[in-house]
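Engineer:
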Amino acid sequence: MLLKLVPEKTNLGFMKLRFPAFILSVVLIIGSIFAVSTQGLNLGVDFAGGSVLETSVPDGVSVENIRSTVGGLDLQDVNVTEARGAGVNAEAVFVIKFKPPELSEEEAAERESGNASVVDALKAAFPGIEIRSNAAVGPKVSGELLWSAITVLIGALVLMLFYILVRFDWQFSIGAVAALSHDVIITMGMFSITQLEFDLTTIAALLTIIGYSMNDTVVVFDRVREEMRKYKKLALGQVINLALNGTLSRTLLTSGTTLLALLAIFFLGGPVLRGMSFALIFGVLIGTYSSIFVASSILMTIGVTREKKSIDDVPGFQGAP
Amino acid sequence: MLQFPPWKIVLIAGALIIGTLLALPNAFSNSFLGVEPQRPAVETAENIAAYNAQVAAAADSWWPGILPDNKVNLGLDLRGGVYLLMQIEEDDVVERRLTSLSATVANALRTPASDRVYAATEVRDDELIISLNAGRMEPDTMDKALSRIDDANSPIQGALGGQQTFSFSQRGDREIVIELTSAARSFYLTDARNKSIVTVRDRIDPQGVRDVNPVPQGDNRIILEVPGEPDPSRIKSVLSQTGSLTFNLVNDAPSDIQQAISLGRAPVGWRLLSDAETGEQLLVNNTPVVTGQDVASASQGFDPDDNTPAVDFRLNGTGQRLFSKTTQENVGRRFAIVLDERIMSAPVIREPIYGGQVQISGNFSMEEATDLAAIIEAGELPAPLNFMEERTVGPGLGADSIRAGTTASIIGLILVAIFMILSYGRFGIFAVLSLSANIILILGALSALGATLTLPGIAGIILTIGMAVDANVLVFERIREEKAAGRSPITAVQAGYERALSAILDANVTTLIAAIVLIMVPQWMGTPIGPVSGFAVTLAIGVITSVFTAFVVTRWFTATWLRWARPKTLSI
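Chains as they are written, first to last, in the numbering used here: chain S, 2 to 322; chain F, 65 to 636.
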């Protein structure tokens with residue numbers, strides 16, 4: 002007996018749910034925009050600039066010890082936390098973040114991205130401490146990285162809009178891009194509310210979410226197009242409903258396998274991948290939701306230009322196969 | 065859709081076999097494959113012993129040379145090492161260029177000697193200002209100066225349309241302002257970047273044995289990755305020195321030095337420098353006897369007196385001639401070896417030095433002497449390098465990340481396999497087989513392309529595992545529908561593949577667009593996002609291989625099975 006997530010024939014009235022879904026999406030979008038504009042994103046060193054050091058935890062050394070050692074140096078925004086390291090039996094690590102003090106241009110040029118003083122101080126105070134990783138991003142580069150990331154996101158959205166425009170009608174492409182923007186905004190809202198670190202890896206995750214959500218939407222649209230050709234007289238709402246029901250089993254199965262793979266990364270991939278896999282898990286859920294409710298509802302609202310005459314309408318061909 | 069003529073089978077099987085062969089080296093150690101190991105970054109006795117053992121093992125390898133031996137290239141986040149993004153400031157390059165141009169222009173104004181134009185030159189911001197001497201102005205002096213400056217101008221090497229090096233204009237009655245043209249600025253900037261790349265490589269890896277490959281980024285940036293290096297500070301100290309080496313005659317008369325100190329300036333043609341070690345101040349002649357360009361080679365050696373580390377170097381032919389001539393004429397006086405405006409050593413010339421062998425000794429550690437030799441031998445940097453971004457991953461973290469990534473991939477694969485087999489039975493097994501082929505192909509492609517696998521790249525592979533199943537799912541769901549519509553097994557499978565094709569293509573093209581944007585845009589913008597690009601590369605490769613394995617390989621398995629078993633009903 003094979004496992005069936007969805008019965009063979011479903012006839013769920015997705016289009017009836019589109020108003021509650023619409024309200025839910027609008028609330029989530031407004032909430033996300035509000036969150037991002039009021040409390041902002043927890044930008045990582047990639048985008049905010051500054052330094053981050055990850056060290057081993059020598060016996061008997063506490064976060065406070067590290068904080069007082071690093072705090073004694075001439076630095077700003079020092080933040081020390083203890084976190085789990087990579088791997089299954091993860092060792093603990095200290096994560097030390099700081100920014101170099103504000104300096105005149107010449108001084109900054111000499112000290113830019115200099116973590117050496119911090120490393121030396123730590124090694125002197127705690128013999129045997131191991132520096133696991135060390136990154137310093139100058140303010141110029143972090144600004145460029147942020148700009149590059151924004152361009153990447155917008156570029157991907159525009160190209161996909163164009164692809165759908167070529168493959169489908171313009172109404173589809175609006176529906177698809179609305180769904181994608183919906184996903185990106187809400188995922189960013191999630192990052193703002195949870196204050197998870199937003200860095201380059203997150204951008205990769207966002208782009209994957211865009212790709213994944215697009216993938217889902219295209220499968221539904223492809224089916225809508227097919228059903229429209231098959232049932233020329235059926236109302237658009239019913240056609241879309243047919244398409245959604247027809248692809249439902251596939252949508253859930255694919256989301257299921259992708260989520261299984263992502264859960265494996267989330268629990269076993271270590272802290273470097275945890276933020277990314279969390280974003281992806283969230284994105285798969287939101288992308289699945291948006292391809293069912295957002296993309297098709299927009300399509301439903303705008304309407305589609307359908308071929309006016311079905312073969313049945315042509316005089317003399319009534320009842321033709 | 066279900067017909068596979070022999071040539072198709074040959075192609076499919078060929079692709080799978082080639083992919084497997086390309087992926088195969090990843091299963092073995094380098095010694096087994098007969099690949100020469102990299103020299104260790106830190107040369108301790110243990111490391112050297114391990115290295116020698118690996119070299120010996122590699123020599124014994126029986127791995128056939130015809131088979132590929134390229135492994136997946138691991139990113140710095142997985143194997144540990146130092147990443148540096150350095151920038152050359154345009155202002156520095158322009159200033160140096162104008163300084164050397166000022167000598168050319170001054171020379172042009174002085175020629176012919178019978179009819180000199182008297183003028184002072186000064187480099188200020190990004191202009192070279194020529195001030196004609198007020199006391200010697202004739203009515204035609206300005207015109208003469210302008211025409212001589214025009215003659216001194218030259219087209220830039222290799223530039224299109226013969227663009228000139230500088231533009232100049234008259235300002236006021238006595239001043240001429242020279243500026244570099246924008247074509248010249250970008251030419252010199254790129255030129256400085258290219259020369260710096262060579263110098264950086266020579267300094268970090270003087271023997272050319274380490275896996276160090278600085279690459280240009282945009283007009284004025286250089287990316288340097290040093291795998292296996294645990295400490296960025298030594299690399300930075302080697303690269304932060306300009307490395308301008310000169311030998312100059314010295315005036316050590318205490319009265320002259322005292323006078324210069326109390327006046328706060330040295331006599332014309334001399335400058336006051338202090339000894340890096342003793343702090344002693346000496347007057348150093350501005351015209352060097354020999355420069356770093358006259359050095360043929362430099363190496364770390366030992367001071368014969370006390371056996372402490374020192375730097376030995378040998379001058380080339382010109383250098384030897386100049387140096388022996390100067391030492392002959394100046395026996396009893398002192399000369400200074402000056403590196404980046406610091407006196408490294410200021411010995412007394414006891415007898416003429418003919419061989420061109422020179423040694424700098426001081427309180428060097430072994431490391432310092434080795435680094436200094438590398439700096440001197442590699443030569444001067446055309447402009448100082450600014451460190452814009454720096455990332456170091458310790459070897460421990462890299463190893464942990466590999467372990468975590470591998471575990472996550474294997475568990476992810478197993479979970480997906482169980483899920484697929486539970487959902488689709490026999491068809492699920494076909495899908496899982498082709499999924500395994502997919503992973504082998506991704507590894508093979510990464511190895512063959514020399515692409516770099518990063519930790520987010522591993523996440524990309526895992527994500528591909530999840531998404532590769534999608535194409536199979538699309539087909540299988542269609543087959544279920546066709547079967548429910550009452551079709552026979554063969555026509556149901558046939559229709560399933562036909563109808564799913566357009567959705568599969570559209571869906572994968574859009575993912576491919578996302579991956580390509582992620583690879584290309586940062587390159588155009590000149591901002592590399594290393595680990596993330598690694599993710600995009602695996603994603604792009606994964607999309608292509610997964611369409612092949614899911615749509616072609618699974619279909620081949622299914623068709624073969626259908627023909628062999630001839631099932632009356634499909635269990636799907």
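By construction, the Cβ of each residue, glycine as well, lies at the ideal position given by its N, Cα and C atoms.
State the Cα-Cα distance for the pair residue 427/F and residue 273/F, rounded to the nearest angstrom.
Structural biologist: Rounded to the nearest angstrom, the two C-alpha atoms are 28 Å apart.
Engineer: Report the residues of the stretch 128 to 139 of chain S with a CB closer than 9 Å to any CB of chain F, ordered along the chain.
Structural biologist: Per Cβ criterion, the list reads 131, 132, 133, 134, 135, 136, 137, 138, 139.
Engineer: Looking at the structure shown, is residue 317/S part of a helix, part of a strand, or coil, going by DSSP?
Structural biologist: Because the pLDDT of residue 317/S is 43, which lies under 50, any placement of that residue in the model is unreliable, and the number read from its coordinates should be weighed accordingly. In the structure shown, residue 317/S sits in coil (DSSP, three-state: anything other than H, G, I, E or B).
Engineer: Please give me, in chain order, every unbroken run of the beta strand (DSSP E) with length at least 3 that falls completely inside the stretch 102 to 182 of chain F.
Structural biologist: Whole beta strand (DSSP E) segments, 3+ residues: 145 to 152.
Engineer: Which ranges does the beta strand (DSSP E) cover as unbroken runs of at least 3 residues, wholly within the stretch 350 to 417 of chain F, from first to last along the chain?
Structural biologist: Listed in chain order, the complete beta strand (DSSP E) runs (minimum 3 residues) inside the stretch 350 to 417 of chain F are 359 to 366, 373 to 379, 399 to 403, 406 to 409.
Engineer: Cutting at 6 Å between CB atoms, please list the residues of its own chain near residue 202/S, excluding the five before and the five after it.
Structural biologist: Here the set comprises 277.
Engineer: Can you check the stretch 313 to 347 of chain F for any beta strand (DSSP E) of at least 3 residues that lies completely inside it and give the ranges in chain order?
Structural biologist: For the stretch 313 to 347 of chain F, whole beta strand (DSSP E) runs of length 3 or above, ordered along the chain, are 334 to 338.
Engineer: Closest to residue 79/F by C-alpha separation, out of 505/F, 599/F, 554/F, 535/F, would be which residue?
Structural biologist: Nearest C-alpha to residue 79/F: 505/F.
Engineer: Just list the residues that DSSP pairs residue 74/F with in beta bridges.
Structural biologist: Beta-bridge pairing links residue 74/F to no other residue.
Engineer: Could you check which residue in 92/S, 101/S, 56/S, 10/S has the C-alpha nearest to that of residue 123/S?
Structural biologist: Comparing Cα positions, the closest option is 56/S.
Engineer: Hey, does residue 195/F have any beta-carbon neighbour from chain S nearer than 9 Å?
Structural biologist: Not closer than 9 Å to any Cβ of chain S, the Cβ of residue 195/F fails to qualify, so no.
Engineer: In terms of residue numbering, what span does the alpha helix (DSSP H) encompassing residue 265/S cover?
Structural biologist: Run containing residue 265/S: 237 to 269, per the alpha helix (DSSP H) assignment.
Engineer: Buried or exposed: which applies to residue 72/F, given that a residue is buried once 16 or more other Cβ atoms fall within 10 Å of its Cβ?
Structural biologist: Classification of residue 72/F: exposed, given that the 10 Å Cβ count is below 16.
Engineer: Could one say the Cβ of residue 537/F lies closer than 9 Å to chain S's Cβ atoms, at least one of them?
Structural biologist: With 9 Å as the cut-off, residue 537/F counts as an interface residue toward chain S.
Engineer: Tell me whether the stretch 597 to 614 of chain F and the stretch 533 to 544 of chain F touch, counting them as touching only if at least three CB pairs, one residue from each stretch, are closer than 8 Å.
Structural biologist: Judged by Cβ distances under 8 Å, the stretch 597 to 614 of chain F makes contact with the stretch 533 to 544 of chain F, as three or more pairs qualify.
Engineer: Going by other Cβ atoms of all chains shown within 10 Å of its Cβ, with 16 needed for buried, is residue 51/S buried or exposed?
Structural biologist: It counts as buried.
Engineer: Taking its Cβ as the centre, do 16 or more other Cβ atoms sit within 10 Å of residue 89/S, making it buried, or is it exposed?
Structural biologist: Here residue 89/S scores only 47 on pLDDT, less than 50, and its place in the model should not be relied on; the value that follows carries that caveat. Residue 89/S should be labelled exposed.
Engineer: Below 7 Å on C-beta distance, what does residue 529/F contact in chain S?
Structural biologist: What residue 529/F touches in chain S: 262.
Engineer: Could you tell me whether the Cβ atoms of residue 46/S and residue 150/S are closer together than 9 Å?
Structural biologist: No. Outside cutoff.
Engineer: Would you mind stating whether residue 385/F and residue 359/F have Cβ atoms separated by less than 9 Å?
Structural biologist: For residue 385/F and residue 359/F, no; Cβs fall outside 9 Å.
Engineer: Following the continuous beta strand (DSSP E) through residue 196/F, name the residue where it begins and the one where it ends.
Structural biologist: 191 to 196 is the span of the beta strand (DSSP E), which, as asked, contains residue 196/F.
Engineer: Please decide whether residue 294/F counts as near chain S, where near means a Cβ-Cβ distance under 9 Å.
Structural biologist: With 9 Å as the cut-off, residue 294/F counts as an interface residue toward chain S.
Engineer: Can you tell me the Cα-Cα spacing of residue 351/F and residue 441/F, whole angstroms?
Structural biologist: One C-alpha to the other measures close to 21 Å.
Engineer: Provide the residue span of the alpha helix (DSSP H) that contains residue 469/F, from first to last.
Structural biologist: It spans 459 to 488 - the alpha helix (DSSP H) in which residue 469/F sits, taken as one unbroken run.
Engineer: Between the beta-carbon of residue 153/S and the beta-carbon of residue 581/F, is there less than 9 Å?
Structural biologist: Yes, the pair counts as a contact, with Cβ atoms nearer than the cut-off.
Engineer: Using DSSP with H/G/I as helix, E/B as strand and the rest coil, what is residue 601/F?
Structural biologist: The answer is helix: DSSP assigns residue 601/F an H, G or I state.
Engineer: Quick one: Cα of residue 302/F to Cα of residue 248/F, how far?
Structural biologist: Roughly 29 Å separates the two Cα atoms.
Engineer: What are the start and end residues of the beta strand (DSSP E) that includes residue 10/S?
Structural biologist: From DSSP, residue 10/S is part of no beta strand (DSSP E); its letter is neither H nor E.
Engineer: Can we say the stretch 282 to 290 of chain S touches the stretch 171 to 179 of chain S, given the rule of at least three CB pairs closer than 8 Å?
Structural biologist: Touching, no.
Engineer: Which residues, in order along the stretch 439 to 470 of chain F, keep a beta-carbon less than 7 Å from a beta-carbon of chain S?
Structural biologist: So the list reads 450, 451, 452, 453, 454, 455, 456, 457, 458, 460, 461, 464, 465, 467, 468, 469, given in the order they occur along the chain.
Engineer: Give me the DSSP bridge partner(s) of residue 291/F.
Structural biologist: Bridge partners of residue 291/F: 145/F.
Engineer: Suppose contacts are defined by Cβ-Cβ distances below 9 Å. Is residue 221/F in contact with residue 251/F by that definition?
Structural biologist: Closer than 9 Å, so yes.
Engineer: Please confirm if residue 268/S has its CB atom under 9 Å from at least one CB of chain F.
Structural biologist: Judged by the 9 Å Cβ criterion, residue 268/S is in contact with chain F.
Engineer: Relative to chain S, which residues along the stretch 565 to 577 of chain F have a C-beta separation below 8 Å, given in chain order?
Structural biologist: Here the close residues are 566, 567, 570, 571, 572, 573, 574, 575, 577.
Engineer: Would you kindly report the start and end of the unbroken alpha helix (DSSP H) that includes residue 530/F?
Structural biologist: Counting along the chain, the alpha helix (DSSP H) containing residue 530/F begins and ends at 519 to 548.
Engineer: Strictly by DSSP, which residues pair up with residue 172/S?
Structural biologist: According to DSSP, which records beta bridges pairwise, residue 172/S is partnered with nothing at all.
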